[in-house]
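Please read the structure below before turning to the comments.
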Amino acid sequence: ANDVLTVSFHRHEVGFFPFPAGDPLRRGTGDGLGYNWNIPLPAHCSDEDYLNAFRRCLRKVKDVYAPHVAVLCVGADGLANDTLLAAQGLRGWRLSPGGIAESVRFCAALMKEEKLLVLGGGGYDPVRTARTYLLCTAAACEGARKGLVEELPEDVPRHEFFDRYGPDWRLKGGENMSSGDGSEGDDGECRGRRSDVLLSVEEKEEYQRVLTDGEKIVELLGTFVKKVEMDKKMGVERGSHGAMCYSELQEEESWEKQAFQKNVKKKQGSRRRRRKAC
521 ANDVLTVSFH RHEVGFFPFP AGDPLRRGTG DGLGYNWNIP LPAHCSDEDY LNAFRRCLRK
581 VKDVYAPHVA VLCVGADGLA NDTLLAAQGL RGWRLSPGGI AESVRFCAAL MKEEKLLVLG
641 GGGYDPVRTA RTYLLCTAAA CEGARKGLVE ELPEDVPRHE FFDRYGPDWR LKGGENMSSG
701 DGSEGDDGEC RGRRSDVLLS VEEKEEYQRV LTDGEKIVEL LGTFVKKVEM DKKMGVERGS
761 HGAMCYSELQ EEESWEKQAF QKNVKKKQGS RRRRRKAC
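Residue numbers for the sequence shown follow this note's numbering, beginning at 521 and rising by one.
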(Lines of atoms letter the chains of each structure in order from A and count residues from 1; the text may use other names and numbers.)
(Lines give C-alpha, C1' and ligand atoms only; values in the text may rest on other atoms or scores of the structure.)
Protein backbone atom coordinates (compact mmCIF):
# COMPACT_ATOMS: atom_id res chain seq x y z
CA ALA A 1 0.00 0.00 0.00
CA ASN A 2 1.16 3.58 -0.61
CA ASP A 3 -0.19 4.99 2.63
CA VAL A 4 2.81 3.61 4.57
CA LEU A 5 6.44 4.34 3.69
CA THR A 6 9.02 1.91 5.13
CA VAL A 7 12.71 2.78 5.40
CA SER A 8 15.17 0.24 6.81
CA PHE A 9 18.81 0.76 7.78
CA HIS A 10 20.82 -2.44 8.09
CA ARG A 11 23.98 -4.21 7.09
CA HIS A 12 23.42 -5.83 3.71
CA GLU A 13 25.54 -8.75 2.57
CA VAL A 14 24.92 -12.15 1.02
CA GLY A 15 24.10 -14.61 3.80
CA PHE A 16 23.69 -11.89 6.45
CA PHE A 17 20.20 -11.43 7.96
CA PRO A 18 17.83 -10.12 6.62
CA PHE A 19 19.24 -11.11 3.19
CA PRO A 20 17.59 -11.28 0.69
CA ALA A 21 14.69 -9.36 2.28
CA GLY A 22 16.91 -6.29 2.74
CA ASP A 23 17.89 -6.13 -0.94
CA PRO A 24 18.18 -2.42 -1.95
CA LEU A 25 16.42 -3.31 -5.21
CA ARG A 26 13.26 -4.44 -3.40
CA ARG A 27 11.06 -1.34 -3.49
CA GLY A 28 7.61 -2.85 -2.99
CA THR A 29 4.98 -4.03 -5.49
CA GLY A 30 1.64 -2.86 -6.88
CA ASP A 31 0.32 0.28 -5.20
CA GLY A 32 3.23 0.09 -2.78
CA LEU A 33 5.94 0.28 -5.45
CA GLY A 34 8.44 2.86 -4.27
CA TYR A 35 7.27 2.83 -0.65
CA ASN A 36 9.77 0.28 0.67
CA TRP A 37 13.39 1.42 0.90
CA ASN A 38 16.42 -0.51 2.17
CA ILE A 39 19.49 1.57 3.02
CA PRO A 40 22.61 -0.64 3.16
CA LEU A 41 25.38 0.24 5.61
CA PRO A 42 28.77 -1.52 5.87
CA ALA A 43 30.23 -3.90 8.41
CA HIS A 44 32.01 -2.03 11.26
CA CYS A 45 29.69 0.96 10.62
CA SER A 46 30.48 3.76 13.08
CA ASP A 47 28.14 6.10 14.95
CA GLU A 48 29.18 8.96 12.69
CA ASP A 49 28.39 7.24 9.39
CA TYR A 50 25.16 5.72 10.70
CA LEU A 51 23.89 9.04 12.05
CA ASN A 52 24.84 10.93 8.86
CA ALA A 53 22.77 8.53 6.73
CA PHE A 54 19.90 8.42 9.24
CA ARG A 55 19.55 12.21 9.55
CA ARG A 56 19.74 12.88 5.81
CA CYS A 57 17.19 10.18 5.02
CA LEU A 58 14.66 11.17 7.68
CA ARG A 59 14.80 14.83 6.70
CA LYS A 60 13.95 13.89 3.11
CA VAL A 61 11.10 11.62 4.20
CA LYS A 62 9.66 14.28 6.50
CA ASP A 63 9.90 17.05 3.90
CA VAL A 64 8.49 15.04 0.99
CA TYR A 65 6.21 12.36 2.45
CA ALA A 66 5.00 14.42 5.46
CA PRO A 67 3.96 11.48 7.66
CA HIS A 68 1.29 11.90 10.34
CA VAL A 69 2.68 9.04 12.45
CA ALA A 70 6.14 7.45 12.68
CA VAL A 71 6.96 4.00 14.07
CA LEU A 72 10.65 3.66 14.93
CA CYS A 73 11.97 0.13 15.60
CA VAL A 74 15.35 0.36 17.34
CA GLY A 75 17.66 -2.65 17.06
CA ALA A 76 20.38 -2.89 19.70
CA ASP A 77 22.17 -5.69 17.83
CA GLY A 78 24.05 -2.93 16.00
CA LEU A 79 26.08 -2.31 19.16
CA ALA A 80 29.81 -3.03 18.95
CA ASN A 81 30.69 -6.62 19.85
CA ASP A 82 27.11 -7.87 19.99
CA THR A 83 27.38 -11.33 21.55
CA LEU A 84 25.21 -13.18 19.00
CA LEU A 85 27.25 -11.94 16.02
CA ALA A 86 30.54 -12.51 17.83
CA ALA A 87 29.56 -16.10 18.64
CA GLN A 88 28.87 -16.74 14.95
CA GLY A 89 32.06 -15.03 13.81
CA LEU A 90 30.12 -12.37 11.88
CA ARG A 91 31.10 -8.74 11.37
CA GLY A 92 28.42 -6.40 12.64
CA TRP A 93 28.25 -2.67 13.25
CA ARG A 94 30.21 -0.82 15.92
CA LEU A 95 27.58 1.55 17.31
CA SER A 96 27.55 2.87 20.87
CA PRO A 97 24.46 3.17 23.15
CA GLY A 98 24.77 6.95 22.82
CA GLY A 99 24.86 6.79 19.02
CA ILE A 100 21.68 4.70 18.85
CA ALA A 101 19.94 6.94 21.40
CA GLU A 102 20.88 10.03 19.37
CA SER A 103 19.02 8.61 16.36
CA VAL A 104 15.92 8.27 18.55
CA ARG A 105 16.37 11.80 19.90
CA PHE A 106 16.68 13.16 16.35
CA CYS A 107 13.54 11.35 15.16
CA ALA A 108 11.58 12.56 18.20
CA ALA A 109 12.66 16.15 17.53
CA LEU A 110 11.79 15.86 13.83
CA MET A 111 8.32 14.46 14.64
CA LYS A 112 7.56 16.81 17.54
CA GLU A 113 4.30 17.96 15.95
CA GLU A 114 3.23 14.43 14.96
CA LYS A 115 2.88 11.08 16.73
CA LEU A 116 5.88 8.81 17.35
CA LEU A 117 5.89 5.19 18.55
CA VAL A 118 9.31 3.76 19.54
CA LEU A 119 9.78 -0.02 19.65
CA GLY A 120 12.76 -2.18 20.56
CA GLY A 121 14.03 -5.06 18.46
CA GLY A 122 17.23 -7.09 18.60
CA GLY A 123 20.19 -6.84 20.94
CA TYR A 124 21.80 -9.92 22.49
CA ASP A 125 24.06 -8.45 25.15
CA PRO A 126 21.47 -8.00 27.96
CA VAL A 127 23.43 -5.42 29.97
CA ARG A 128 24.39 -3.14 27.07
CA THR A 129 20.93 -3.53 25.51
CA ALA A 130 19.28 -2.47 28.78
CA ARG A 131 21.54 0.60 28.98
CA THR A 132 20.79 1.42 25.34
CA TYR A 133 17.01 1.20 25.74
CA LEU A 134 17.13 3.31 28.88
CA LEU A 135 18.91 6.05 26.93
CA CYS A 136 16.54 5.63 23.96
CA THR A 137 13.49 6.01 26.22
CA ALA A 138 14.92 9.19 27.73
CA ALA A 139 15.92 10.47 24.27
CA ALA A 140 12.40 9.89 22.93
CA CYS A 141 11.02 12.03 25.77
CA GLU A 142 13.47 14.89 25.22
CA GLY A 143 10.95 16.70 23.01
CA ALA A 144 8.51 16.95 25.89
CA ARG A 145 11.02 17.45 28.68
CA LYS A 146 14.46 18.85 27.83
CA GLY A 147 17.46 17.59 29.76
CA LEU A 148 15.93 14.29 30.80
CA VAL A 149 19.08 12.31 29.88
CA GLU A 150 21.21 14.56 32.07
CA GLU A 151 18.84 13.93 35.00
CA LEU A 152 19.40 10.17 34.90
CA PRO A 153 21.49 8.83 37.81
CA GLU A 154 25.12 7.99 37.07
CA ASP A 155 25.05 4.58 38.77
CA VAL A 156 22.88 1.52 38.28
CA PRO A 157 20.30 1.23 41.09
CA ARG A 158 20.42 -1.99 43.08
CA HIS A 159 18.13 -4.71 41.75
CA GLU A 160 17.98 -8.46 41.08
CA PHE A 161 20.60 -8.37 38.29
CA PHE A 162 22.83 -5.69 39.80
CA ASP A 163 25.98 -7.85 39.68
CA ARG A 164 25.84 -8.11 35.87
CA TYR A 165 26.57 -4.40 35.50
CA GLY A 166 30.05 -4.59 37.02
CA PRO A 167 32.83 -3.76 37.26
CA ASP A 168 31.89 -0.04 37.19
CA TRP A 169 28.08 -0.30 37.65
CA ARG A 170 27.63 2.88 35.64
CA LEU A 171 24.22 3.56 34.15
CA LYS A 172 25.48 5.98 31.50
CA GLY A 173 28.70 6.13 29.54
CA GLY A 174 28.95 9.91 29.27
CA GLU A 175 26.30 10.12 26.55
CA ASN A 176 24.86 13.56 25.93
CA MET A 177 21.86 14.09 23.69
CA SER A 178 21.40 17.24 21.65
CA SER A 179 18.57 19.68 22.29
CA GLY A 180 18.13 20.39 18.57
CA ASP A 181 14.86 20.36 16.65
CA GLY A 182 15.69 18.00 13.78
CA SER A 183 16.15 20.83 11.28
CA GLU A 184 18.93 20.99 8.67
CA GLY A 185 21.42 22.40 11.16
CA ASP A 186 20.63 19.86 13.87
CA ASP A 187 23.47 17.35 13.74
CA GLY A 188 23.41 16.78 17.47
CA GLU A 189 25.94 17.30 20.20
CA CYS A 190 26.41 13.55 20.06
CA ARG A 191 27.91 13.57 16.56
CA GLY A 192 28.99 9.94 16.90
CA ARG A 193 32.36 8.34 17.08
CA ARG A 194 34.42 6.83 14.30
CA SER A 195 34.96 3.09 14.41
CA ASP A 196 38.01 2.26 16.50
CA VAL A 197 38.60 -1.06 14.74
CA LEU A 198 41.58 -1.45 12.39
CA LEU A 199 40.46 -2.47 8.90
CA SER A 200 42.47 -4.09 6.15
CA VAL A 201 42.82 -2.32 2.80
CA GLU A 202 40.15 -4.60 1.30
CA GLU A 203 37.77 -3.98 4.21
CA LYS A 204 38.27 -0.21 3.91
CA GLU A 205 37.43 -0.36 0.19
CA GLU A 206 34.28 -2.41 0.89
CA TYR A 207 33.29 -0.05 3.73
CA GLN A 208 33.49 3.00 1.48
CA ARG A 209 31.75 1.26 -1.43
CA VAL A 210 28.73 0.22 0.64
CA LEU A 211 28.62 3.63 2.33
CA THR A 212 28.61 5.36 -1.08
CA ASP A 213 25.86 3.04 -2.37
CA GLY A 214 23.78 3.86 0.70
CA GLU A 215 24.21 7.60 0.13
CA LYS A 216 23.07 7.26 -3.49
CA ILE A 217 19.99 5.32 -2.41
CA VAL A 218 19.12 8.04 0.10
CA GLU A 219 19.24 10.58 -2.74
CA LEU A 220 17.07 8.35 -4.95
CA LEU A 221 14.55 7.94 -2.16
CA GLY A 222 13.94 11.67 -1.96
CA THR A 223 13.64 12.00 -5.75
CA PHE A 224 11.34 9.02 -6.13
CA VAL A 225 8.90 9.84 -3.32
CA LYS A 226 8.72 13.46 -4.47
CA LYS A 227 7.73 12.35 -7.98
CA VAL A 228 5.14 9.94 -6.63
CA GLU A 229 3.57 12.46 -4.26
CA MET A 230 3.39 15.10 -7.03
CA ASP A 231 1.60 12.59 -9.29
CA LYS A 232 -0.88 11.80 -6.53
CA LYS A 233 -1.68 15.49 -6.10
CA MET A 234 -2.21 15.80 -9.85
CA GLY A 235 -4.79 13.01 -9.72
CA VAL A 236 -2.84 10.27 -11.51
CA GLU A 237 -4.79 7.02 -11.22
CA ARG A 238 -4.04 5.11 -8.00
CA GLY A 239 -1.69 2.20 -8.60
CA SER A 240 -0.11 3.66 -11.75
CA HIS A 241 1.92 6.55 -10.33
CA GLY A 242 4.43 4.25 -8.63
CA ALA A 243 5.14 2.31 -11.81
CA MET A 244 5.42 5.51 -13.86
CA CYS A 245 7.93 7.11 -11.53
CA TYR A 246 9.83 3.87 -11.12
CA SER A 247 10.38 3.56 -14.86
CA GLU A 248 11.63 7.15 -15.01
CA LEU A 249 14.33 6.30 -12.48
CA GLN A 250 15.43 2.98 -13.99
CA GLU A 251 18.25 4.56 -15.97
CA GLU A 252 19.39 6.66 -13.00
CA GLU A 253 19.74 3.66 -10.73
CA SER A 254 21.30 1.20 -13.18
CA TRP A 255 24.59 1.64 -11.29
CA GLU A 256 22.89 0.20 -8.21
CA LYS A 257 21.72 -3.01 -9.85
CA GLN A 258 25.09 -3.61 -11.51
CA ALA A 259 27.02 -2.95 -8.30
CA PHE A 260 24.75 -5.22 -6.27
CA GLN A 261 24.92 -8.12 -8.75
CA LYS A 262 28.70 -7.75 -8.99
CA ASN A 263 29.00 -7.90 -5.20
CA VAL A 264 26.76 -11.00 -5.02
CA LYS A 265 28.92 -12.84 -7.59
CA LYS A 266 32.10 -11.79 -5.77
CA LYS A 267 30.82 -13.12 -2.43
CA GLN A 268 29.55 -16.37 -3.93
CA GLY A 269 32.84 -16.92 -5.78
CA SER A 270 34.80 -16.32 -2.58
CA ARG A 271 32.71 -18.90 -0.74
CA ARG A 272 33.16 -21.50 -3.50
CA ARG A 273 36.94 -21.01 -3.30
CA ARG A 274 36.86 -21.48 0.48
CA ARG A 275 34.86 -24.72 0.14
CA LYS A 276 37.36 -26.10 -2.39
CA ALA A 277 40.24 -25.20 -0.08
CA CYS A 278 38.58 -27.16 2.73
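A virtual CB, placed ideally from N, CA and C, is assigned to each residue, including glycine. Here the structure is a predicted model, which means the values were calculated and not measured.
Membership of Asn522 in any beta strand (DSSP E) is not indicated, and neither H nor E is assigned to it by DSSP. Bridge partners of Trp557 according to DSSP: Val527.
Annotation for Cys656: the continuous alpha helix (DSSP H) segment containing it runs 646 to 660. With fewer than three CB-CB distances shorter than 8 Å, the stretch 632 to 642 does not count as touching the stretch 559 to 573. With 16 or more other CB atoms across the displayed protein chains lying within 10 angstroms of its CB, Phe626 is buried.
Contact between the stretch 653 to 673 and the stretch 612 to 629 is present: three or more C-beta pairs spanning the two stretches fall below 8 Å. Sixteen is the threshold: when 16 or more other Cβ atoms of the shown chains lie within 10 Å of the Cβ of Asp602, as they do, the residue is buried. Going by DSSP, Lys666 is part of no beta strand (DSSP E) at all; its letter is neither H nor E. In this structure Lys580 is in contact with Leu741, their Cβ atoms being roughly 6 Å apart against a cut-off of 8 Å. Cβ-Cβ distances below 7 Å link Ala658 to Leu668, Val669, Leu672 in the same chain, with the five nearest sequence neighbours on each side left out; the list follows chain order. Secondary-structure assignment with DSSP links Leu599 through a beta bridge to Leu615. Under the three-state reduction of DSSP, Ala621 is assigned to helix.
Straight across, the Cα-Cα distance linking Leu525 with Tyr555 is about 5 Å. Restricting attention to Ala629, Leu571, Gly642, the CA atom closest to the CA of Cys593 is found in Gly642. Look at Asp551 here: in three-state DSSP terms it is helix. With contacts defined as CB atoms closer than 8 Å, Leu599 and Leu615 qualify as a contacting pair.
Of the residues assessed, Asp597 falls on the buried side of the cut-off, its CB having 16 or more other CB atoms within 10 angstroms. In this structure, Pro544 sits near His532, with a CB-CB distance shorter than 8 Å. Exposed is the label assigned to Gly686, since fewer than 16 other Cβ atoms lie within 10 Å of its Cβ. Looking from the CA of Lys582, the closest CA among Lys724, Val527, Pro560 belongs to Val527.
By the C-beta density criterion, Lys747 is buried, having at least 16 other C-beta atoms within 10 angstroms. For the 8 Å CB-CB criterion, Ala521 and Gly552 form a contact.
Counting of Cβ neighbours within 10 angstroms places Pro560 among the buried residues, the total reaching 16 or more.
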